[in-house]
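Participant: My questions all concern the structure below.
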Amino acid sequence: MISSVFNTSASNFGNAAMQAAQIPWNAPVEMRLGAQGPSENGAYIEVSSQDGYLERIPIDDGRLNECRQEGSGPTAMALCQQMVDELAARIRTAVEEALKGSSSN
1 MISSVFNTSA
11 SNFGNAAMQA
21 AQIPWNAPVE
31 MRLGAQGPSE
41 NGAYIEVSSQ
51 DGYLERIPID
61 DGRLNECRQE
71 GSGPTAMALC
81 QQMVDELAAR
91 IRTAVEEALK
101 GSSSN
């Protein structure tokens, strides 16, 4: 759950989503943050496995801007939490897909 002092940088959303996904520390996958340009332009969360599975989950710039423009307060917190929850769900799905690939080898 995010707090009222939530920083709306793309990396902060990515880190919050990776924590919210609650992937076991010993799962045979790696998660990392990346960006296609400077200053977090084109930011994404990358889920990969040693078997060659790779998925990049984009952190939507438009949604980031919506959260930033809302400022602070309950509406802003709800928008930010919703984005974190959606990213976390996509991470869990990517991890499930990665684990399916590793179990079929």
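At position 102 of the sequence shown the residue is numbered 102 (the UniProt record's numbering), and the sequence of numbers has no breaks.
We put the beta carbon where it would ideally sit given N, CA and C, even for glycine.
1. Could you tell me if T8 is buried or exposed, where buried requires 16 or more neighbouring beta carbons within 10 angstroms of its beta carbon?
2. According to DSSP, is G34 part of a helix, a strand, or is it coil?
3. Compute the distance between the beta-carbons of V29 and V95, then report whether it is under 7 Å.
4. For the putative contact between A10 and L64, defined by C-beta atoms under 8 Å, what is the C-beta separation to the nearest angstrom?
5. What is the rounded straight-line gap between the Cα of P74 and the Cα of D51?
6. What runs of the beta strand (DSSP E), each 3 residues or longer, lie entirely inside the region 47-76?
7. Rounded to the nearest angstrom, what separates E70 and E97 at their Cα positions?
Facilitator: Quick look at the numbers:
1. Locating residue 8 in the sequence shown gives position 8, where the first residue counts as 1. Flag for T8 reads buried.
2. Here residue 34 corresponds to residue number 34 of the sequence shown, with the count starting at 1. It is a strand residue.
3. Locating residue 29 in the sequence shown gives position 29, counting from the first residue. Locating residue 95 in the sequence shown gives position 95, counting from the first residue. It is a contact, given that the beta carbons lie within the stated cut-off.
4. Numbered from its first residue, the sequence shown carries residue 10 at position 10. Numbered from its first residue, the sequence shown carries residue 64 at position 64. The Cβ separation is near 6 Å, so the contact holds.
5. The residue labelled residue 74 in the question sits at position 74 within the sequence shown. The residue labelled residue 51 in the question sits at position 51 within the sequence shown. C-alpha separation (whole angstroms): 42 Å.
6. 54-58
7. Looking up residue 70 in the sequence shown gives position 70. Looking up residue 97 in the sequence shown gives position 97. Cα-Cα distance, rounded: 35 Å.
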